[in-house]
């Protein structure tokens with residue numbers, strides 16, 4: 027597989043599965059805290075494992091997920107779409123994704139646009155944010171090319187973006203600013219039997235860390251990629267990830283999520299504990315329910331105190347999945 031090229035590889039690829047994922051930490055003028063996640067999924071239904079979608083007579087479908095969290099109030103608002111109408115300018119040289127929701131034809135499309143390389147705009151009915159990268163891409167594993175299910179998977183992050191713009195909460199338009207993280211991954215793998223524990227950590231010393239433990243062909247693998255303040259990067263698979271305290275059980279699905287973790291990365295002398303800022307952050311999406319939310323980071327690095335913000339994504343914790351439930355949810359939204 028060829029080395030990643032920018033901005034060419036920021037555009038959609040003709041593969042089984044792909045996503046553009048952004049999370050961020052925001053504050054308003056009163057220093058109230060907010061967090062957000064926005065993700066656009068792109069799949070080939072012929073190669074997916076999602077019921078009904080595999081029978082659609084198309085080769086490409088999109089669906090966006092979003093969550094906006096008011097950390098100060100310990101609450102969040104979710105928007106989960108099973109299917110979106112997608113348009114993209116022909117022969118686009120920069121990323122430009124527009125997703126219209128079938129049940130809300132009068133609502134403006136959700137958009138993820140790139141104004142210039144690594145300068146993005148996210149627009150939904152709850153968020154209008156500009157994101158400008160402060161660091162070069164973090165190529166996961168060192169090359170941005172890794173193996174999953176025996177197939178090549180391309181994966182890079184933009185580990186630190188400056189964010190400014192507005193969010194809407196309780197019909198109030200709130201100016202905000204902060205930092206964000208962006209992931210883009212694509213592969214021919216089917217992404218079945220999802221099971222991973224994923225962290226993005228943005229430390230106050232401007233060190234940014236991607237940490238993941240994921241299941242691949244019945245084995246769990248580790249991956250850690252670090253971007254330092256001077257933009258140097260290191261990558262390794264040796265770290266410890268230990269659960270702390272009692273796991274949180276969802277009142278909606280009975281799935282159990284471990285939300286507090288003790289993390290050690292010996293190569294960079296990192297020893298931190300991450301704790302959730304808000305516990306009720308479960309995203310209910312049929313076959314792939316998951317937990318997605320902001321973290322507080324506290325500990326030491328190279329013997330010095332360090333704090334920061336992070337995000338945690340837990341996938342594969344649902345106790346039992348019912349295909350009929352997913353089909354009902356899909357039809358309810360689409361019809």
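In the working numbering, the protein residues as written are 27 to 361. Ideal Cβ placement from N, Cα and C applies to all residues, glycine included. Just so it is clear, the structure is predicted and the values come from calculations on it, not from any experiment.
Residue burial classification, residue i (beta-carbon count within 10 angstroms, cutoff 16)
i, result
"residue 280", "exposed"
"residue 332", "buried"
"residue 36", "buried"
"residue 252", "buried"
"residue 230", "exposed"
"residue 168", "exposed"
"residue 40", "exposed"
"residue 311", "buried"
"residue 269", "exposed"
"residue 101", "exposed"
"residue 32", "exposed"
"residue 302", "buried"
The beta strand (DSSP E) enclosing residue i, as first and last residue numbers
i, result
"residue 168", "Neither: residue 168 is in no beta strand (DSSP E) and is coded neither H nor E."
"residue 248", "245–253"
"residue 327", "316–327"
"residue 334", "330–341"
"residue 120", "From DSSP, residue 120 is part of no beta strand (DSSP E); its letter is neither H nor E."
"residue 296", "296–302"
"residue 101", "101–106"
"residue 291", "287–291"
"residue 133", "That residue, residue 133, is in no beta strand (DSSP E); it is neither H nor E in DSSP."
"residue 147", "145–149"
"residue 160", "Counting along the chain, residue 160 falls outside any beta strand (DSSP E), and DSSP gives it neither H nor E."
"residue 268", "266–269"
Within 9 Å, strictly: CB atoms of residue i and residue j
i, j, result
"residue 91", "residue 309", "yes"
"residue 273", "residue 282", "yes"
"residue 336", "residue 316", "no"
"residue 180", "residue 30", "yes"
"residue 122", "residue 111", "no"
"residue 143", "residue 257", "no"
"residue 145", "residue 165", "no"
"residue 43", "residue 238", "no"
"residue 222", "residue 183", "no"
"residue 203", "residue 53", "yes"
"residue 50", "residue 189", "yes"
"residue 126", "residue 136", "yes"
Closer than 9 Å to chain B by CB, residue i
i, result
"residue 105", "No chain B appears in the structure shown, which is made up of a single protein chain."
Rounded distance between the beta-carbons of residue j and residue i, thought under 8 Å
i, j, result
"residue 319", "residue 307", "3 Å"
"residue 255", "residue 290", "At roughly 21 Å, the Cβ-Cβ gap does not stay under 8 Å, so residue 255 and residue 290 are not in contact."
"residue 205", "residue 260", "Contact flag wrong, Cβ pair sits at about 21 Å."
"residue 300", "residue 225", "7 Å"
"residue 68", "residue 88", "5 Å"
"residue 96", "residue 212", "That belief does not hold up - the Cβ atoms of residue 96 and residue 212 are roughly 32 Å apart, past 8 Å."
| request: At 3 residues or longer, and completely inside the region 41–99: list those beta strand (DSSP E) runs for me, N to C. | output: 43–53, 59–69 and 87–96
| field | Segments of 3+ residues assigned as beta strand (DSSP E) that fall wholly inside the region 193–247 | value | 198–213, 222–229 and 234–242
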